[in-house]
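K.L.:
Protein chains in written order, with our numbering: chain B, 1 to 305; chain D, 1 to 483.
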């Protein structure tokens, strides 16, 4: 028994020491990541007047540079494709802690499924763990992964290897077309899917039972954080190539706090019926983004006076 | 509690220390600790189902005692049937009630009668199929007078609930496991070291191989309509490795853990993918279940004795029941029937016991004949797994028809084929080689590496452990828990 205990202890001890060598992997991992925005947030380098939050809608539909030029303020797009509102809340919290707070935030709503994990076409949205894992060297990130149940608190403290995942071995994946990250953060793409049947679809009836309670909580928290820090929050809808369901809009109005402003895009604008302005059914392309950003600017100029 | 969870990594050393350092002088207390630890282990999921195990334990304990006292065959038979009805009744209700109800409704609607009965929202207790079969083996063996019943309730409860094998086997026979609870356990260094090695290999199989193959298999099976035939072939291949890594990995951890406590569990897997025919495959895959069905169903039915018709009938019964044991879905029944069809020609031509020895014993590589035989058996197995994995029969047939289309000649492409996910391919390759090199042992690394120089051997173990850490995602359940 004694021999067994000694042997196991030595084995674990050697492993414990060996494990520490993986700090190098951990720390190098962030360097290889193409999307530096979250790291900039953590390092306090996103000190802008206006920020854009959201999922791929905000990433595709807003031409952030136009906001900056027209409003004459510094703007940056912190939206992430496929990100849930809980992920956006996490980014906002990190932003507030580590940076100068912005004056304005535009958060683009995901028509029909803001509070869900899946849209009607089956596209999944998630808390973007993959955006966190390359930044595992930061304690804020480790803590969040522990909170999310991805990592164990004790093991995370004891073993560097437990902090890692296979994405830390290989994370230099090139950005996808929608992932173009420039000086303004995320930006729209130039694509238009030709082989889609570009027929304008009718509204899909909003199904409240598919809402995720945690996402509702995050949606409310997001607004509360902005209110607490005196940040003007604009919650905006954006064009999609199908009509917007009134049930969803009513539900949003129910959940929007008085401190936030709801902006509903101009549904009558004919340009939003032109497929050429879209990348796919639910995202504008660059041309469409220019039209929508222009429309939004008219409102913002009034609102931000 | 999952073997691949942090909870278990904390639970195991605590139980180990209490078992060997605090209670080592008292066998009864050691058994009480096993029962308590096992109930905690099981209750970690859902404590409510502990009552089911307890009830089953009490029923079989008393039936066992009464069977030994009773001499009248009729009364003994009644006692046996009470045990069978109670155990299979629970299993039937929790696992098969909705299946039968659904098929009952479908059958009536076929004849134009619409019956409106709502399905019950039944939660399947983890491992019910495993411990039910284990307790049944006890009652049947006592009934057959192969085993003296125990009068010690704690010992019996420990036998039923022994945590390493409670939720996914190996399904132990009372004749093998129960006597081990009577004997004072002595710590054996070599046994414990072997146990640790087997746990390590089991974790590698589960976390690195199975969970990572699952990324591809789930994507391809769940979106099979979108993918080419060549991609679907890969999907079936990935599932083949997933299910083996998952289930045999669990068995390795279970057997290894038992060794740490001085117990020997039966071997459950013996490198089945190196089998040269289907009969050999079934001697090497889920051995504890196959032999259970052989001893308690196939042989009582007459086995391979009797005429041609009886042989065919018994073969189909055993394979179909075995398939149905896995789940209440027609896909499992077809999977079982398909294996029966594979097996029958061997049985009918008396070729079902040709390959009893390890393949290429004493040689590094198989000869051409063995290689082809393994290839054919493996292909048949992969094909059968499609039914096992498919959501329903239509899905399985669509999957198969999509494979046999022109698109089989295109390059495989799937959403999950990302460079990141594909990092597991070298691991699968290495795993296959290690399994081949270690095929003569109890488990792949039981002998492999023992003759290597110590630094090399330990580098090998550390490499496995590092892979386990790095490839570890969120704790993934074992596939066989659902059975």
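All C-beta atoms, glycine included, are put in the ideal place defined by N, C-alpha and C.
(1) Could you give the distance in angstroms between the alpha-carbon of residue 76 (chain D) and the alpha-carbon of residue 158 (chain D)?
(2) Name, please, each residue of chain D whose Cβ falls closer than 8 Å to the Cβ of residue 15 (chain B).
(3) Mapping DSSP to helix, strand and coil, what is residue 93 (chain B)?
(4) Go ahead and pull the three-state DSSP assignment for residue 179 (chain B).
(5) Of the residues that make up the stretch 173–197 of chain D, which ones have a beta carbon closer than 8 Å to any beta carbon in chain B?
(6) How would you call residue 74 (chain D), buried or exposed, if buried means at least 16 neighbouring beta carbons within 10 angstroms?
(7) Considering only DSSP beta bridges, list what residue 232 (chain B) is partnered with.
(8) Near residue 49 (chain D), what residues of its chain come up, given a Cβ to Cβ distance below 6 Å and the 5 sequence neighbours on each side ignored?
(9) Mind listing, in chain order, the continuous alpha helix (DSSP H) runs of no fewer than 4 residues lying wholly within the stretch 377–424 of chain D?
(10) On the CB-based measure, 16 or more other CB atoms within 10 Å of its CB, does residue 58 (chain B) come out buried or exposed?
(11) Using a 10 Å radius around the Cβ and a threshold of 16 neighbouring Cβ atoms, would you call residue 93 (chain D) buried or exposed?
(12) Near residue 23 (chain B), what residues of its chain come up, given a Cβ to Cβ distance below 6 Å and the 5 sequence neighbours on each side ignored?
(13) What does residue 6 (chain D) touch in chain B if you count any residue whose Cβ is under 8 Å from its own?
(14) From D:67, D:408, D:336, pick the residue whose C-alpha is nearest to that of residue 145 (chain D); which is it?
(15) Excluding the 5 residues flanking residue 179 (chain B) on each side, which residues of the same chain have their C-beta closer than 6 Å to its C-beta?
(16) State yes or no: is the beta carbon of residue 9 (chain D) nearer than 9 Å to at least one beta carbon in chain B?
(17) Mind checking if residue 197 (chain B) is an interface residue toward chain D, Cβ cutoff 9 Å exclusive?
(18) Which residues does DSSP pair with residue 201 (chain B) in a beta bridge?
(19) In terms of alpha-carbon separation, which member of D:57, D:471, D:284 lies closest to residue 134 (chain D)?
(20) Do residue 355 (chain D) and residue 277 (chain D) have their C-beta atoms closer together than 9 Å?
(21) Hey, is residue 456 (chain D)'s beta-carbon within less than 9 Å of any beta-carbon in chain B?
(22) Kindly list the residues whose CB is nearer than 7 Å to the CB of residue 370 (chain D), restricted to its own chain and excluding five residues on each side of it in sequence; keep chain order.
(23) Quick one: what does DSSP say residue 324 (chain D) is sitting in, helix, strand or coil?
(24) Kindly indicate which three-state DSSP category residue 19 (chain D) falls into: helix, strand or coil?
(25) Pick from D:7, D:5, D:24, D:315: whose alpha carbon is nearest that of residue 1 (chain B)?
(26) Show which residues of chain D have a CB atom less than 9 Å away from the CB atom of residue 126 (chain B).
(27) Does residue 99 (chain D) have its Cβ less than 9 Å from a Cβ in chain B?
(28) I'd like to confirm the pairing. Which residues does DSSP put opposite residue 53 (chain B) in its beta bridges?
(29) At a CB-CB cut-off below 9 Å, which residues of chain D make contact with residue 31 (chain B)?
(30) Compare the beta carbon distance of residue 229 (chain D) and residue 405 (chain D) with 9 Å and say whether it is the shorter of the two.
(31) Taking C-beta pairs closer than 8 Å, name the residues in chain D that residue 161 (chain B) reaches, listed in chain order.
(32) Need the endpoints of the beta strand (DSSP E) that residue 306 (chain B) sits in, please.
(33) Go to residue 463 (chain D), then tell me how far its alpha helix (DSSP H) extends in each direction, as first and last residue.
(34) Can you tell me whether residue 314 (chain D) is buried or exposed? The criterion is at least 16 other CB atoms within 10 Å of its CB, across all chains shown.
P.N.:
Looking at the atomic coordinates:
(1) 25 Å
(2) 462, 465
(3) helix
(4) Low confidence applies to residue 179 (chain B): its pLDDT is 49, below 50, so where it sits in the model is not reliable, and the reading given next is rough at best. Correct three-state label for residue 179 (chain B): helix.
(5) 187, 189, 192, 193, 196
(6) exposed
(7) B:104
(8) 125
(9) 393–403, 419–422
(10) buried
(11) exposed
(12) 160
(13) 152, 154, 155
(14) D:67
(15) Low confidence applies to residue 179 (chain B): its pLDDT is 49, below 50, so where it sits in the model is not reliable enough to give any reading.
(16) yes
(17) no
(18) B:242
(19) D:57
(20) yes
(21) no
(22) 276, 359, 360
(23) helix
(24) helix
(25) D:24
(26) Going along chain D, no residue has its Cβ under 9 Å from residue 126 (chain B), so there is no contact; the nearest lies around 12 Å.
(27) no
(28) B:107
(29) The premise fails here: residue 31 (chain B) is roughly 17 Å from chain D at the closest Cβ pair, so nothing lies under 9 Å.
(30) yes
(31) 466, 469, 470
(32) This structure does not reach residue 306 (chain B), given that chain B is present from 1 up to 305, and the question cannot be answered.
(33) 454–470
(34) buried
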